[in-house]
Amino acid sequence: MSRALLVIIVVLLYALHQDFWFWRTAHPLVFGFLPIGLFYQACYSVAAALVMWLLVKYAWPGHLEEDIRKTQEDSNS
Amino acid sequence: MIPAIVVFIYLATVLYIGIFAFRKAAGGRKAEDYFLASRSLGPFVFLFSLFGTNMTAFAILGSSGHAFTNGIVTFGLMASSSGIVIPLTIFFVGTRVWALGKKYGFMTPVQMFRDRWECSHIGTVIFGLQAILLIPYIIIGIMGGGTTLNSISGGLIPYWFGGAIVALVVMGYVFFGGMRGTAWVNTFQTILFLLFGAIAIVVIGAGMGGFRSAAQAMLNSPAFAPLLTRERISPLYFFSYTFIPLSAIAFPHILIFCLTAEKMNHFKKTVIFYPLCILAIWLPCVFLGVMANRVTDVPQIRAKQEARRLLATQGKTMAPEARDDLREKAAGDDVILLLLQRYAPLWLAGLLGAGIMAAVMASDSQILALSTMFTEDFFAFYGGKRRFGEGVQVQTGRLFIVLITMVAYAVALRAPETIFELAIQYAFSGFAALSPLLIAALFWRGSTKWGALAVTLWTASAVVAVAVYQHAVPAPAPGPATVSWSIAGLDVLARTPGGTAVFGFMPVVPMVIVSGLLMIGVSMLTAKPQQSTIQRYFPPA
Chain A
-14 MSRALLVIIV
-4 VLLYALHQDF
6 WFWRTAHPLV
16 FGFLPIGLFY
26 QACYSVAAAL
36 VMWLLVKYAW
46 PGHLEEDIRK
56 TQEDSNS
Chain B
11 MIPAIVVFIY
21 LATVLYIGIF
31 AFRKAAGGRK
41 AEDYFLASRS
51 LGPFVFLFSL
61 FGTNMTAFAI
71 LGSSGHAFTN
81 GIVTFGLMAS
91 SSGIVIPLTI
101 FFVGTRVWAL
111 GKKYGFMTPV
121 QMFRDRWECS
131 HIGTVIFGLQ
141 AILLIPYIII
151 GIMGGGTTLN
161 SISGGLIPYW
171 FGGAIVALVV
181 MGYVFFGGMR
191 GTAWVNTFQT
201 ILFLLFGAIA
211 IVVIGAGMGG
221 FRSAAQAMLN
231 SPAFAPLLTR
241 ERISPLYFFS
251 YTFIPLSAIA
261 FPHILIFCLT
271 AEKMNHFKKT
281 VIFYPLCILA
291 IWLPCVFLGV
301 MANRVTDVPQ
311 IRAKQEARRL
321 LATQGKTMAP
331 EARDDLREKA
341 AGDDVILLLL
351 QRYAPLWLAG
361 LLGAGIMAAV
371 MASDSQILAL
381 STMFTEDFFA
391 FYGGKRRFGE
401 GVQVQTGRLF
411 IVLITMVAYA
421 VALRAPETIF
431 ELAIQYAFSG
441 FAALSPLLIA
451 ALFWRGSTKW
461 GALAVTLWTA
471 SAVVAVAVYQ
481 HAVPAPAPGP
491 ATVSWSIAGL
501 DVLARTPGGT
511 AVFGFMPVVP
521 MVIVSGLLMI
531 GVSMLTAKPQ
541 QSTIQRYFPP
551 A
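As given, the protein sequences belong to chains A and B, one line each in that order.
In this text, residue positions in the first sequence follow our numbering: the first is -14, and each later residue adds one.
In this text, residue positions in the second sequence follow our numbering: the first is 11, and each later residue adds one.
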């Protein structure tokens, strides 16, 4: 997955936090008791976890550990 | 008394965990072992302890109290915004700070700043501001402990004694166990938090006869229906709150915790599961806080609602002191405790009370962080370690823990809680405004120590300015804000019922933006560190 696409996904997720479309309504009550605005934000948290998984899978800064390994090798030699 | 006994068993358990960690410590006289657990925490402990460290009393008591007054908006304001911003900062900043700590042996953020920008006294200024912003948390933790033990024991344990017990237990396991003990206790506490939310919602839901009828009744009530929407909060205010979680990574105790992971891979689980852990704790607490408005047979809840009603209907004609008094009466920080007393069986109320104590006692990592900062950024930096050795440095850190806890306890006995609650509000904005320091140090070769100093001085000035303004202009009654300064019909500065608005935003927004601009502007005008230093942070590809 390209870096640009990941950036777009993260920016989109940040923007989706501002869910003005459920601002003034409690309907429908999900499961009969959960206002839609609260249910949306709960789902948002799950979406955040999924995006974090994408970042970890496709943009993990593994070079940092590589850099430490090289530094340690240099200091040992 | 049964709940209080269960809570005492809990307190004894966490104290034992701290002492057990002390026995397990292989190199107890080494600073890195005591302050950073030898950078050896595994993935499970790292996730839960980092998360637990960031969950203060506010996660359970404050979130339900805020939701009781403001409705479901609490979750979007404080939980889901943290669920995206905090893992992102851990992913981008936490991993890099961990790597630099491993490479160059840093134990505090200020050590890194001093090295990165080739500065000494500017580092001390940053240390000073971080310490000042952190102290209110420690005081409020002790106050929360005293209040909670007093409440759980039905008034049998006086506030001063409850506060003393909590202070002694926290001091005990931090003193003996250092970072290892604190991390293990935080892990245990986080598991309790997670259980707390699930059990509380089942027990209280069953006690209330299910949530469906309660939610429906709230919808049909003109007074309570707005609590199920966000119509009372402006979108600009809601947006502003996404800046507050930037504070998390700038908190010294969080950043120091990032240095404790054994491997960088341990960050992976933390980053992915952080939003889910927030969801598991905050959703039940926020929902229960909202639903507490439907509980009609608890006199204290009725009294809070009456105070809220009076504030809304007659607040405008009242003196500011009378309004503040009513605000205090309407505050819902103890609604979860009241719901538990009403609906949970005694033994379960004790267990859940222990969960609340776990939240209240989150000041442990702040105490340890202050001690680490004092011994590393001050004692060691100004020659103490070189002169007296590492063993004395660790003992100094322990002595500092005793002193800071005693001072915090003495202050907690005398000062009103509201002062420190306010101070914490300012501290969140202050640490968020310090976050550009980290971004600049890690991602911008052109940043300089003068840019860092400008950010630090600006943050301190802005925090003081907001505090003075809010003290000088009393909070208005619920409704329109009191505009203090407007230009061409545009409200520049206004006092709102909950704080301050700058162009309609919370102060944290301009504070962070100006911090970033100052870092850029001042750095561009001032001399850079030596090329060799920059290359250590940005090695050539």
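Beta carbons: idealized from backbone N, C-alpha and C, even for Gly.
Around the beta carbon of Thr197 (chain B), 16 or more other beta carbons sit within 10 angstroms, so the residue counts as buried. No Cβ-Cβ contact shorter than 8 Å links Ile167 (chain B) with Ala418 (chain B). Assignment of Gly219 (chain B) by DSSP, reduced to helix, strand and coil, places it in the coil class. Taking 8 Å as the CB threshold, Ile(-6) (chain A) stays off the interface with chain B. In this structure, Tyr25 (chain A) keeps its C-beta atom at 8 Å or more from the C-beta atom of Phe5 (chain A). For Leu39 (chain A), the enclosing alpha helix (DSSP H) stretches over residues 21 to 43.
Partner residues in the beta bridge of Gly509 (chain B), as assigned by DSSP, are B:Thr506. Annotation: Ser161 (chain B) to Val41 (chain A) spans about 44 Å, alpha carbon to alpha carbon. The DSSP-derived three-state label of Val(-4) (chain A) is helix. Within chain B, the residues whose beta carbon sits less than 7 Å from that of Tyr29 (chain A) are Ser90, listed in sequence order.
What Asp52 (chain A) touches in chain B, judged by beta-carbon distance under 9 Å, is Ala109, Lys113, Pro549, going in chain order. In summary, the residues of the stretch 230 to 262 of chain B whose CB is separated from some CB of chain A by less than 8 Å are Ala235, Leu238, Thr239, Arg240, Glu241, Pro245, Phe248, Phe249, Thr252, in the order they occur in the chain. Residue burial is scored here from C-beta neighbours: Trp468 (chain B) has at least 16 other C-beta atoms within 10 angstroms and is therefore classed as buried.
Counting along the chain, Val296 (chain B) sits inside the alpha helix (DSSP H) bounded by residues 276 to 301.
Residue contact check for Trp6 (chain A) against chain B: no CB pair falls below 8 Å. Not a single CB atom of chain B sits nearer than 8 Å to the CB of Ala0 (chain A).
Within chain B, no C-beta atom comes less than 8 Å from the C-beta of Met(-14) (chain A); the nearest is roughly 15 Å away. Think of a sphere of 7 Å around the beta carbon of Gly325 (chain B): no beta carbon from chain A falls inside it, the nearest being about 24 Å out. Close to Pro119 (chain B), with beta-carbon spacing below 8 Å, lies no residue of chain A; the smallest spacing is near 17 Å. A distance below 8 Å separates the beta carbons of Leu269 (chain B) and Arg49 (chain B). At a cut-off of 8 Å between C-beta atoms, Ala(-11) (chain A) does not count as an interface residue with respect to chain B. Thr382 (chain B) has its alpha-carbon roughly 11 Å from the corresponding atom of Ala141 (chain B). The alpha-carbon separation between Gly220 (chain B) and Phe16 (chain A) amounts to approximately 12 Å. Spatial neighbours of Ser74 (chain B) in its own chain (CB-CB distance under 6 Å, excluding positions within 5 residues in sequence) are listed in chain order as Cys295, Leu298, Gly299, Val345, Ile346. At least one CB of chain B lies nearer than 8 Å to the CB of Leu40 (chain A). Among the CB atoms of chain B, none fall inside 8 Å of the CB of Pro13 (chain A). Selection B:Thr280, B:Ala313, B:Asn303 evaluated against Leu237 (chain B) yields B:Asn303 as nearest (Cα-Cα).
A direct Cα-to-Cα measurement between Ala359 (chain B) and Leu21 (chain B) gives close to 16 Å. Taking the C-beta atoms as reference points, Gly440 (chain B) is found nearer than 8 Å to Val473 (chain B). In this structure, the straight-line span from the alpha carbon of Val55 (chain B) to that of Pro13 (chain B) is close to 28 Å. Taking 8 Å as the CB threshold, Leu23 (chain A) lines the interface with chain B.
Of the residues B:Ala216, B:Thr323, B:Trp127, B:Gly155, the one whose Cα lies closest to the Cα of Leu423 (chain B) is B:Gly155. With a threshold of 16 other beta carbon atoms within 10 Å, Cys28 (chain A) falls short and is exposed.
Val519 (chain B) counts as buried, since no fewer than 16 other beta carbons sit within 10 angstroms of its beta carbon.
Secondary structure note for Val493 (chain B): it is in no alpha helix (DSSP H), and the uninterrupted beta strand (DSSP E) holding it is 492 to 497. Close partners of Arg222 (chain B) in chain A (Cβ separation under 7 Å): Gly17, Phe18.
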